[in-house]
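Notes to accompany the following structure.
Protein chains: 2
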Amino acid sequence: MKLYERLAAELQQRIEGGLYRGGDRLPSIRVLSQEHKVSIATVQEAYRRLEEQGLAEPRPKSGYYVRQQRHVPTLPAVSRPAQRPLEVSQWEQVLELVCGPHDDKVVTLAHGMPDFGAPTLKPLLRQLAALARGTPMRGLEYDNLHGCRELREQIVRLAVDSSTPLHPDDVVITAGCQEALSASMRAVTRPGEVVAVDSPSYYGAMQVIRANGLRAMEIPTHPETGISLEALELALEQWPIRAVQVTPTCNNPLGYTMPDEHKRRLVALAQRFDAAIIEDDIYGDLSFRYPRPRTVKSFDADGRVLLCSSFSKTLAPGLRVGWVAPGRYRDAVLHMKYVGTGSSATLPQLAVAHFVADGGYERHVRRMRLQYQRGRDIMLGWLERHFPAATRISYPQGGYLIWVELADDIDTVELNRRLLALGVRIAPGVLFSASGKYRNCMRLNYGGEPTPRVEDGLRTIGAELARMRHGA
Amino acid sequence: MKLYERLAAELQQRIEGGLYRGGDRLPSIRVLSQEHKVSIATVQEAYRRLEEQGLAEPRPKSGYYVRQQRHVPTLPAVSRPAQRPLEVSQWEQVLELVCGPHDDKVVTLAHGMPDFGAPTLKPLLRQLAALARGTPMRGLEYDNLHGCRELREQIVRLAVDSSTPLHPDDVVITAGCQEALSASMRAVTRPGEVVAVDSPSYYGAMQVIRANGLRAMEIPTHPETGISLEALELALEQWPIRAVQVTPTCNNPLGYTMPDEHKRRLVALAQRFDAAIIEDDIYGDLSFRYPRPRTVKSFDADGRVLLCSSFSKTLAPGLRVGWVAPGRYRDAVLHMKYVGTGSSATLPQLAVAHFVADGGYERHVRRMRLQYQRGRDIMLGWLERHFPAATRISYPQGGYLIWVELADDIDTVELNRRLLALGVRIAPGVLFSASGKYRNCMRLNYGGEPTPRVEDGLRTIGAELARMRHGA
Numbered sequence: 017m018k019l020y021e022r023l024a025a026e027l028q029q030r031i032e033g034g035l036y037r038g039g040d041r042l043p044s045i046r047v048l049s050q051e052h053k054v055s056i057a058t059v060q061e062a063y064r065r066l067e068e069q070g071l072a073e074p075r076p077k078s079g080y081y082v083r084q085q086r087h088v089p090t091l092p093a094v095s096r097p098a099q100r101p102l103e104v105s106q107w108e109q110v111l112e113l114v115c116g117p118h119d120d121k122v123v124t125l126a127h128g129m130p131d132f133g134a135p136t137l138k139p140l141l142r143q144l145a146a147l148a149r150g151t152p153m154r155g156l157e158y159d160n161l162h163g164c165r166e167l168r169e170q171i172v173r174l175a176v177d178s179s180t181p182l183h184p185d186d187v188v189i190t191a192g193c194q195e196a197l198s199a200s201m202r203a204v205t206r207p208g209e210v211v212a213v214d215s216p217s218y219y220g221a222m223q224v225i226r227a228n229g230l231r232a233m234e235i236p237t238h239p240e241t242g243i244s245l246e247a248l249e250l251a252l253e254q255w256p257i258r259a260v261q262v263t264p265t266c267n268n269p270l271g272y273t274m275p276d277e278h279k280r281r282l283v284a285l286a287q288r289f290d291a292a293i294i295e296d297d298i299y300g301d302l303s304f305r306y307p308r309p310r311t312v313k314s315f316d317a318d319g320r321v322l323l324c325s326s327f328s329k330t331l332a333p334g335l336r337v338g339w340v341a342p343g344r345y346r347d348a349v350l351h352m353k354y355v356g357t358g359s360s361a362t363l364p365q366l367a368v369a370h371f372v373a374d375g376g377y378e379r380h381v382r383r384m385r386l387q388y389q390r391g392r393d394i395m396l397g398w399l400e401r402h403f404p405a406a407t408r409i410s411y412p413q414g415g416y417l418i419w420v421e422l423a424d425d426i427d428t429v430e431l432n433r434r435l436l437a438l439g440v441r442i443a444p445g446v447l448f449s450a451s452g453k454y455r456n457c458m459r460l461n462y463g464g465e466p467t468p469r470v471e472d473g474l475r476t477i478g479a480e481l482a483r484m485r486h487g488a
Numbered sequence: 017m018k019l020y021e022r023l024a025a026e027l028q029q030r031i032e033g034g035l036y037r038g039g040d041r042l043p044s045i046r047v048l049s050q051e052h053k054v055s056i057a058t059v060q061e062a063y064r065r066l067e068e069q070g071l072a073e074p075r076p077k078s079g080y081y082v083r084q085q086r087h088v089p090t091l092p093a094v095s096r097p098a099q100r101p102l103e104v105s106q107w108e109q110v111l112e113l114v115c116g117p118h119d120d121k122v123v124t125l126a127h128g129m130p131d132f133g134a135p136t137l138k139p140l141l142r143q144l145a146a147l148a149r150g151t152p153m154r155g156l157e158y159d160n161l162h163g164c165r166e167l168r169e170q171i172v173r174l175a176v177d178s179s180t181p182l183h184p185d186d187v188v189i190t191a192g193c194q195e196a197l198s199a200s201m202r203a204v205t206r207p208g209e210v211v212a213v214d215s216p217s218y219y220g221a222m223q224v225i226r227a228n229g230l231r232a233m234e235i236p237t238h239p240e241t242g243i244s245l246e247a248l249e250l251a252l253e254q255w256p257i258r259a260v261q262v263t264p265t266c267n268n269p270l271g272y273t274m275p276d277e278h279k280r281r282l283v284a285l286a287q288r289f290d291a292a293i294i295e296d297d298i299y300g301d302l303s304f305r306y307p308r309p310r311t312v313k314s315f316d317a318d319g320r321v322l323l324c325s326s327f328s329k330t331l332a333p334g335l336r337v338g339w340v341a342p343g344r345y346r347d348a349v350l351h352m353k354y355v356g357t358g359s360s361a362t363l364p365q366l367a368v369a370h371f372v373a374d375g376g377y378e379r380h381v382r383r384m385r386l387q388y389q390r391g392r393d394i395m396l397g398w399l400e401r402h403f404p405a406a407t408r409i410s411y412p413q414g415g416y417l418i419w420v421e422l423a424d425d426i427d428t429v430e431l432n433r434r435l436l437a438l439g440v441r442i443a444p445g446v447l448f449s450a451s452g453k454y455r456n457c458m459r460l461n462y463g464g465e466p467t468p469r470v471e472d473g474l475r476t477i478g479a480e481l482a483r484m485r486h487g488a
């Protein structure tokens with residue numbers, strides 16, 4: 017542990033222990049430097065760390081203060097899906113969400129879309145342009161089926177942050193995380209088999225289950241700790257479950273991160289019942305905690321975890337650069353990738369590889385983590401202000417998605433239909449269930465700039481909700 | 017028909033009728049202009065057309081001559097695959113071909129790789145660079161699930177050339193032709209069903225059949241006219257065939273183009289037995305005949321043809337820009353695309369759309385058609401010179417792939433193994449069969465510059481073949 021890390025940890029203990037409370041002024045940099053016999057730079061680094069963790073905030077010309085801990089609204093209830101495998105429905109709604117008209121006049125809170133207006137993304141664009149001008153133009157050639165070596169090396173480097181030991185040969189580049197999830201699912205299952213999923217669950221993964229003729233066994237899920245391991249164990253005992261599909265870190269849509277101990281136990285369960293784990297880590301690098309949480313894969317001893325991710329949420333989705341570390345299933349995943357797309361577009365891979373190698377990725381992600389954390393806090397404030405009092409709201413630990421649970425009699429599909437005429441769009445909860453549950457829930461995105469226009473959108477939703485409550 | 021087209025057609029008739037023979041000098045431009053009462057420019061245009069068709073060639077300061085018709089070597093035999101549906105094997109060999117080490121010292125004749133060193137491809141690269149520098153950067157956004165509208169409009173425009181009436185809403189952009197084939201196959205079949213294929217058949221399409229738990233019914237195929245419609249009819253009567261997968265224009269690997277009348281009858285057969293047709297047209301625009309041949313889709317009255325193509329063979333495979341016109345199966349194809357990759361990379365789509373709109377695509381393809389036709393003739397000469405006398409060779413009507421059938425006792429998998437040590441690679445015939453047929457065949461690529469190094473490679477293969485014949 018470096019000096020500044022030790023100092024930051026000590027200050028963190030004091031804050032969490034209650035020695036310093038929300039709003040308190042923290043000791044000045046000079047004082048700490050003398051007290052701890054460390055340099056000014058070390059104290060500054062320690063404070064920057066606390067700032068990243070959301071524990072302290074600087075005030076101009078005044079020093080650092082303990083951040084006010086928000087009043088946290090009631091969390092959504094633990095989910096209670098059906099206790100049997102089900103066919104996945106809801107494709108029409110997904111299609112509507114995915115193909116909905118692009119209209120600048122609509123405030124869309126529906127998509128998992130990052131903010132890519134940040135200046136820290138500029139070097140990536142310069143890389144793309146430079147590569148397109150370069151000769152010989154490697155961007156035109158067929159890529160290796162595994163994906164560009166340079167990029168796989170960078171992914172291995174980044175994985176150190178989540179304590180996930182990888183080798184470039186373990187990594188297969190894909191067309192976004194969607195191909196990673198799809199190729200993984202097809203590699204480990206056969207039509208008719210059963211897959212356990214956290215619930216609510218990302219609709220893209222649910223549609224993979226549907227398209228492959230599988231059945232989904234939805235497992236109760238806690239809004240802070242994720243998939244219920246007790247319920248999962250019962251399901252594994254009762255049903256021939258071939259694979260478990262989870263998003264354990266910065267979950268979509270609930271925003272939780274499973275505790276490390278849960279992740280470890282999840283792997284042990286999968287071992288005991290010889291199931292594969294498909295781990296969707298697409299938002300993992302956007303965790304508000306630094307260093308970022310470990311992956312489930314980092315506890316994997318026998319290669320049964322297929323770790324899927326992408327640069328779509330951290331950089332930009334239009335690049336379609338994703339990857340999977342498929343463990344023991346590598347050959348089957350390669351076959352599915354070959355069959356599905358042949359290889360990945362070369363130019364975006366090379367641009368991302370250079371961007372990561374030059375440190376641009378880390379700079380960008382550091383910035384976005386802070387932006388999204390601010391975005392979450394602002395969104396929470398707006399939701400409390402404009403939504404009905406009984407609303408339950410998730411408390412995201414990373415990423416930019418928030419889950420809202422309304423009164424039982426609200427139907428968010430109907431709400432969305434009404435909102436469209438008012439220029440606002442949300443992602444209705446049914447998309448996240450195999451069979452039409454979560455009808456009173458919705459997912460919102462706080463990734464963009466928190467403009468008055470967005471607050472207006474939320475105000476509109478709140479007003480419409482009030483109207484629906486009164487039967488209008 | 018334009019004036020110059022009428023004149024070219026008339027001259028073509030005279031050449032094919034034998035009025036002018038190989039090596040004859042054709043009438044001068046002035047004479048034709050007077051005879052036919054058309055402008056000098058019109059005659060020049062007509063001669064350019066004949067040149068493109070490979071019927072005439074200019075000689076400096078002397079005028080146009082009838083091109084010497086080559087001695088055409090014996091064609092491969094009509095294929096005789098097994099008369100029952102089979103599981104597709106051979107994935108390991110495909111993997112070896114696809115993942116083989118990239119080594120500049122190896123002369124690789126194995127891949128379906130275009131030449132992308134041509135100067136006519138430069139504007140595409142400039143487009144890519146300009147788009148990467150542009151703001152707002154649409155290349156970063158999620159693309160519409162259908163693909164960029166601009167590109168779909170250009171694809172519709174190009175399809176006029178093959179008499180295929182399309183509307184932008186009929187077109188879905190994919191990650192190369194492979195995703196088009198894969199999504200199409202998954203849209204029209206369920207695991208366990210039977211698919212009829214021309215034989216030999218492109219290994220990528222065969223692996224789609226394998227990965228989806230389907231069985232392949234290989235149909236005898238003529239090296240000049242393609243899939244045997246009589247054999248196909250028998251198969252359709254005998255087996256519950258859900259789909260027919262063919263590459264009817266500039267076939268891979270045989271190089272034939274099915275006559276229009278066969279294409280029309282193929283559609284009628286599919287209608288009668290209510291089967292879908294998956295048409296792989298990836299080399300279609302590289303036909304040596306101009307205007308290019310019609311698609312099977314152009315005869316399709318009830319939307320049962322899924323026309324698959326891509327810019328991988330005409331421009332560059334690293335772009336991963338393909339497309340499918342799925343007819344009545346559009347919604348199912350969209351679902352499979354959504355599940356497989358979510359959407360396609362945006363930047364390469366936009367670059368291709370601009371390149372086509374600016375006329376760059378047509379300029380480039382015109383040039384490449386001539387280059388590949390020259391390449392074919394040179395390759396034929398080299399094969400006759402260096403390969404055993406009894407070798408049977410296809411006569412490609414477009415594209416840059418040639419099929420070679422050797423004596424029955426030659427095993428091209430073993431040949432390839434020996435060649436690797438000698439710095440040459442081929443695509444062994446077994447890849448193109450569901451079950452290990454075509455062991456005495458190979459596919460070669462003549463897309464690159466016909467350098468002495470390539471001739472040396474063929475000489476090496478010939479020498480090794482001689483050695484194998486003598487049991488060494």
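Just so you know, the protein sequences line up as chains A and B, in that order.
If you read the first sequence in this note's numbering, its first letter stands for residue 17, the second for the next number, and so on.
If you read the second sequence in this note's numbering, its first letter stands for residue 17, the second for the next number, and so on.
Even for Gly, the Cβ is constructed at its ideal location relative to N, Cα and C.
Think of a sphere of 8 angstroms around the beta carbon of Q109(A): no beta carbon from chain B falls inside it, the nearest being about 12 angstroms out.
In its chain, beyond the 5 residues on either side, A369, V372 and A373 have a beta carbon closer than 7 angstroms to the beta carbon of Q170(B). A residue is called buried once 16 or more other Cβ atoms fall within 10 Å of its Cβ, and K329(B) is buried on that count.
Looking at the backbone, the Cα of E73(B) and that of Q84(B) are separated by about 9 angstroms.
Within chain B, G334 have C-beta atoms less than 7 angstroms from the C-beta of D159(A), given in sequence order.
The three-state secondary structure of T357(A), taken from DSSP, is helix. Between D301(B) and V355(B), the gap from beta carbon to beta carbon reaches 9 angstroms or more. The criterion of a C-beta distance shorter than 9 angstroms is not satisfied by V188(B) and P309(B). Neighbourhood of M352(B) in chain A, by CB distance below 9 angstroms: A227, in chain order. G415(A) and T241(B) have their alpha carbons spaced roughly 57 angstroms apart. According to DSSP, I426(B) shares a beta bridge with no other residue. Under a 10 Å Cβ-count criterion, Q106(A) is classified as buried, with 16 or more other Cβ atoms of the shown protein chains found around its own Cβ.
Chain B has no Cβ within less than 9 angstroms of the Cβ of G163(A). In summary, the residues of the segment 365 to 394 of chain B whose CB is separated from some CB of chain A by less than 9 angstroms are A367, in the order they occur in the chain. Comparing alpha carbon positions, the residue from A291(A), W255(A), E295(A) and V440(A) closest to M274(A) is E295(A).
Cα atoms of Y81(A) and Y63(A): separation of roughly 10 angstroms, rounded to the nearest angstrom. Residue-level contact check: V355(A) touches chain B, since one or more beta carbons of chain B fall below 9 angstroms from its beta carbon. In the DSSP assignment, A479(B) falls within the alpha helix (DSSP H) that extends over P468 to R485. Per DSSP, the continuous beta strand (DSSP E) segment holding V211(A) begins and ends at V210 to D214.
According to the DSSP secondary-structure assignment, D296(A) is paired through a beta bridge with C324(A).
In this structure, K279(A) and P256(A) do not form a Cβ contact; the two beta carbons are roughly 24 angstroms apart against a cut-off of 8 angstroms.
Within chain A, not a single residue places a beta-carbon under 8 angstroms from that of F448(B); the smallest gap is close to 16 angstroms.
When S410(A), T205(A) and L399(A) are compared, the shortest CA-CA separation from L481(A) is found for L399(A). In the three-state reduction of the DSSP assignment, R75(A) falls in the strand class. In summary, H162(A) is buried, with 16 or more beta-carbon neighbours lying within 10 Å of its beta-carbon over all protein chains present. Per DSSP, C193(A) is one residue of the alpha helix (DSSP H) stretching across G192 to V204. Beyond the five residues adjoining it in sequence on each side, M484(A) comes within less than 7 angstroms, by CB distance, of I426 and L431 in the same chain, given in chain order.
By the C-beta criterion, the segment 465 to 472 of chain B is judged not to be in contact with the segment 441 to 456 of chain B, since fewer than 3 inter-stretch pairs fall below 8 angstroms. At least 9 angstroms separates the beta-carbon of T90(B) from that of R459(B). Y462(A) has no beta-bridge partner at all, per DSSP. Following the DSSP letters along the chain, one finds V260(B) inside the beta strand (DSSP E) bounded by residues I257 to V262. The way I'd put it, the segment 432 to 451 of chain A doesn't touch the segment 383 to 397 of chain A; fewer than three beta-carbon pairs between them come closer than 8 angstroms. Contacts with chain A (Cβ-Cβ distance below 9 angstroms) from the segment 71 to 95 of chain B involve no residue at all.
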